[in-house]
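What follows is a short report on a single structure.
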Amino acid sequence: MHSHIYDQLPRVLPSRRNLGTIVYNPTTTWETLQIKQLHGLRKQDLDMLVRMQSEYMERKNNSAGEMNTVYIPVIPHLSDAYINCFLEVKIPYVHIKDFLKSHSQGQVERKRELWGGYAGIYTDDSDLLYVLCHLGLFNNSLDLTECNAEWVPSDVTRPATVHRDQDGIELLDLSVTLLLLPSLNAYKGFYRNRLNSRSWQSSAAVHSGLSIAVHNVKWETFLLSTADRALNKRAVSEYIDDRNASTQILEQKNGWKLDLLLRKSKHDVKAQAPGAS
4 MHSHIYDQLP RVLPSRRNLG TIVYNPTTTW ETLQIKQLHG LRKQDLDMLV RMQSEYMERK
64 NNSAGEMNTV YIPVIPHLSD AYINCFLEVK IPYVHIKDFL KSHSQGQVER KRELWGGYAG
124 IYTDDSDLLY VLCHLGLFNN SLDLTECNAE WVPSDVTRPA TVHRDQDGIE LLDLSVTLLL
184 LPSLNAYKGF YRNRLNSRSW QSSAAVHSGL SIAVHNVKWE TFLLSTADRA LNKRAVSEYI
244 DDRNASTQIL EQKNGWKLDL LLRKSKHDVK AQAPGAS
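Structure follows, in structure tokens:
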């Protein structure tokens, strides 16, 4: 059923564009949400996200330190206008290293921040490293042909020379190209590659965000280019700050979730905006 989406998209939405590049951060907040790198967004949508971020910062500054940290997905909440667009996500090796360690210790299976997977389609708030694990990237069983008919295993390129850190972990980042897909009213979870994804279903409404599918993956040398250095410098800084705060957040059992108040604010602003579509 879901696989038909891939056949229908080129007919309904024949043009595709790249929205830009963001850096994976599993503990993204509204303060660190990456917006301005998304050069492919419409101006009104970019302005809306910037305004929401500013509103959050104002609330935080007025809270005298009493506002709890709330984690949100690294992919901003995007409208149907961006269906069939590409979004590139860079994943720094420090996060890959942490994920694989957590996976080996059974922590990933307990968290299961992953919804869907049938026909390679997941919710946009699924953790991208969980998605890649479920698809088989880390045990060399990856197959992206449902989403990308031209994909072949050799597309998962690796640098000719790979260095390792002090723990013997390869100094490799990931570059993941996501295809944004329509929201669904059901996402079926199942067990694959030692990871059981969650199911989500609603008879009343579709998922409030878009869906995602992995279109391509490649390994890159750590801090490959000047542009990537800037992206990774920010990501590593956020990583250190978030690791320092993570113990307190987990103790509060807030986990990582969407700030519903800001989401409501987004929809209110969009509804009031002249010429909004």
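Here this note's numbering is used: the first residue of the sequence shown is 4, the next is one more, and so on. We put the beta carbon where it would ideally sit given N, CA and C, even for glycine.
Coarse secondary structure for serine 280, derived from DSSP in three states: By 1-based counting over the sequence shown, the position of residue 280 is 277. For serine 280, the predicted structure reports a pLDDT of 42, less than 50, and the residue's modelled location is therefore unreliable. The matter cannot be settled from this model.
N-terminal and C-terminal residue of the beta strand (DSSP E) that leucine 41 is part of: Walking along the sequence shown from the start, residue 41 turns up at place 38. Segment: none, leucine 41 is in no beta strand (DSSP E) and carries neither H nor E.
Residues bridged to leucine 182 (per DSSP): The residue given as residue 182 occupies position 179 in the sequence shown. Beta-bridge pairing links leucine 182 to Phe89 and Ala216.
Length of the line joining the Cα atoms of arginine 45 and aspartate 170: As a first step, residue 45 must be located in the sequence shown, where it is residue number 42. As a first step, residue 170 must be located in the sequence shown, where it is residue number 167. C-alpha separation (whole angstroms): 44 Å.
Whole-Å CB distance - arginine 20 paired with glycine 43, under 8 Å assumed: What you label residue 20 is simply residue 17 of the sequence shown in a count that begins at 1. What you label residue 43 is simply residue 40 of the sequence shown in a count that begins at 1. Cβ atoms of arginine 20 and glycine 43 come within 8 Å of each other, at about 5 Å.
Span separating the alpha-carbon of aspartate 168 from that of leucine 174: Here residue 168 is taken as the residue at index 165 of the sequence shown, counted from 1. Here residue 174 is taken as the residue at index 171 of the sequence shown, counted from 1. Their Cα atoms are separated by approximately 6 Å.
Three-way DSSP call (helix, strand, coil) for tyrosine 125 in this model: Residue numbering aside, residue 125 sits at position 122 when the sequence shown is read from its first letter. Strand at tyrosine 125.
Coarse secondary structure for glutamine 204, derived from DSSP in three states: As a first step, residue 204 is located in the sequence shown; it is residue number 201 there, counting from the start. Glutamine 204 falls in the strand class under three-state DSSP.
CB of leucine 16 within 8 Å of CB of isoleucine 86, strictly: Your numbering for residue 16 matches position 13 in the sequence shown. Your numbering for residue 86 matches position 83 in the sequence shown. Against a cut-off of 8 Å, the Cβ pair of isoleucine 86 and leucine 16 comes out as a contact.
Close beta carbons around asparagine 151, own chain, < 6 Å, minus the five adjacent residues each side: In the sequence shown, counting from the first residue as 1, residue 151 sits at position 148. Result list for asparagine 151: His218, in chain order.
Given glutamine 37 as reference, the closest of Ile215, Lys93 and Thr126 once Cα atoms are compared: Mapped onto the sequence shown, residue 37 falls at position 34. Of the candidates Ile215, Lys93 and Thr126, the one whose C-alpha sits nearest the C-alpha of glutamine 37 is Lys93.
Same chain, Cβ closer than 6 Å to threonine 31, neighbours up to 5 away in sequence not counted: Within the sequence shown, residue 31 is the residue found at index 28, counting from 1. Ile75 and Val77.
Close-in-space but distant-in-sequence residues of the same chain around valine 111 (CB under 6 Å, 5 per side omitted): Within the sequence shown, the letter at position 108 stands for residue 111. Cβ neighbours of valine 111 beyond the five flanking positions: Ser105.
Reduced DSSP secondary structure (H/G/I, E/B, other) of tyrosine 190: In the sequence shown, residue 190 corresponds to position 187, counting from 1. It is a strand residue.
Segment limits, beta strand (DSSP E) that includes leucine 22: Start at 1 with the first residue of the sequence shown, and residue 22 comes out as number 19. Note, leucine 22: beta strand (DSSP E), 21–26.
Of the listed residues Arg201, Lys221 and Ser211, nearest to arginine 113 (C-alpha basis): Locating residue 113 in the sequence shown gives position 110, where the first residue counts as 1. Comparing Cα positions, the closest option is Arg201.
Contact check, tryptophan 222 vs valine 155, beta carbons under 8 Å: Stepping through the sequence shown from its first residue, residue 222 is reached at position 219. Stepping through the sequence shown from its first residue, residue 155 is reached at position 152. Not closer than 8 Å, so no.
Where aspartate 313 sits in the DSSP three-state scheme: In the structure displayed, the chain extends from 4 to 280; residue 313 sits before or after that span and is not available.
Opening and closing residue of the alpha helix (DSSP H) in which tyrosine 96 lies: Residue numbering aside, residue 96 sits at position 93 when the sequence shown is read from its first letter. Its alpha helix (DSSP H) spans residues 96–107.
Buried or exposed (CB count within 10 angstroms, at least 16 for buried), glutamine 255: For the purposes of this step, residue 255 is taken as the residue at position 252 of the sequence shown. Since pLDDT at glutamine 255 reaches only 46, below the 50 mark, its modelled position is unreliable, and no value is offered.
Local conformation of leucine 198 per DSSP, three classes: Reading the sequence shown from its first residue, position 195 is the one you call residue 198. Here leucine 198 sits in strand by DSSP.
Supposed close pair lysine 195, glycine 120 - CB separation, criterion 8 Å: Here residue 195 is taken as the residue at index 192 of the sequence shown, counted from 1. Here residue 120 is taken as the residue at index 117 of the sequence shown, counted from 1. Reading off the sequence shown, one finds arginine at residue 195, where the question assumed lysine. With 8 Å as the limit, arginine 195 and glycine 120 qualify as a contact, their Cβ atoms being about 7 Å apart.
Sub-8 Å separation of proline 162 and threonine 224 beta-carbons: For the purposes of this step, residue 162 is identified with residue 159 of the sequence shown, where counting begins at 1. For the purposes of this step, residue 224 is identified with residue 221 of the sequence shown, where counting begins at 1. Closer than 8 Å, so yes.
Which listed residue (Trp203, Leu187 and Leu183) has its alpha carbon closest to that of proline 79: Position 76 of the sequence shown, counting from 1, holds the residue named residue 79. Out of Trp203, Leu187 and Leu183, Leu183 has the C-alpha closest to the C-alpha of proline 79.
Reduced DSSP category for histidine 210 - H, G, I as helix; E, B as strand; rest coil: In the sequence shown, the residue the question calls residue 210 occupies position 207. Three-state result, histidine 210: coil.
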